[in-house]
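Colleague: Here it is: the structure, laid out below.
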Amino acid sequence: MKIALASDHGGYELKEKLKKHLGGIGAEYVDFGTDSEKSVDYPDYAEKAAEAVLSGECRFGIVICGTGIGISIAANKIPGIRCAHCHDAYSARMSRAHNDANMLAFGARVIGEGLMCDIVDAFLNGAFEGGRHEKRVEKISEIERKYRK
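All you need for my numbering is the position in the sequence shown, starting with 1, plus 1.
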């Protein structure tokens, strides 16, 4: 399972720590940037990671900016992306179980490395429950199709 990673300058340092964590658990990843703390625009990087998830190049995506808000909003503009902005492991687990989330977002200025690792592990080890949740996820897809024009 490959994971698409991306961040803006505010999330760069935490993304580098995330890469070490992913390597430690044997997860493959593709880093779509940025590659420094030089100021960049988070929508550019959210889009790159989301495209990799949509194309099937990567199974999941993890995106990071200063708060996690902007980069998650940008990722969620792309039809087919369900990016969960999570601050705790329970929310990350439920985003997979109930919402079939395919991307995860954090704020580097909001959480630390240890909490990030817990959230990532909960997300990656989670699974979509389907059943009653499948109908709801399909309704999200219907909304996307309606406004895609």
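Beta carbons are placed, not taken as given, at the ideal position from N, Cα and C, and that holds for glycine.
#1: Just to confirm the assignment, what range does the beta strand (DSSP E) spanning Lys3 have?
#2: Tell me which same chain residues have a C-beta within less than 6 angstroms of the C-beta of Ala53, skipping the five on either side of it?
#3: Judging by CA-CA distance, which residue of Ile112, Gly115 and Ile79 is the nearest neighbour of Gly148?
#4: Give the single residue among Ser56, Glu29 and Ala47 whose Cα lies nearest to the Cα of Ile74.
#5: Would you report the Cα separation of Ser97 and Ala28, rounded to the nearest angstrom?
#6: Do Arg133 and Asn103 have their beta-carbon atoms positioned less than 8 angstroms apart in this structure?
#7: Could you tell me which residues DSSP puts in a beta bridge with His86?
#8: Which of the three DSSP states is assigned to Ile153 in this structure?
#9: What's the C-alpha gap between Asp36 and Tyr13?
#10: Between Leu23 and the rest of its own chain, which residues show a CB-CB distance below 6 angstroms, the 5 nearest in sequence each way excluded?
Modeller: Well, looking at it:
#1: Unbroken beta strand (DSSP E) run through Lys3: Lys3 to Ser8.
#2: Here the set comprises Ala5 and Cys59.
#3: First, the residue type needs correcting, since residue 148 is Tyr and not Gly in the sequence shown. Here the closest residue by C-alpha is Ile79.
#4: Closest option to Ile74, Cα to Cα, is Ala47.
#5: According to the sequence displayed, residue 97 carries Arg and not Ser. The C-alpha of Ala28 is placed about 18 angstroms away from the C-alpha of Arg97.
#6: Their beta carbons are not under 8 angstroms apart, which means Asn103 does not touch Arg133 by this criterion.
#7: Ala106, per the DSSP bridge assignment.
#8: Not covered by the structure: residue 153. The range shown for the chain is 2 to 150.
#9: Cα to Cα, the separation comes out at about 7 angstroms.
#10: The beta carbon of Leu23 sits closer than 6 angstroms to those of Tyr30, all from its chain and outside the five residues before and after it, given in chain order.
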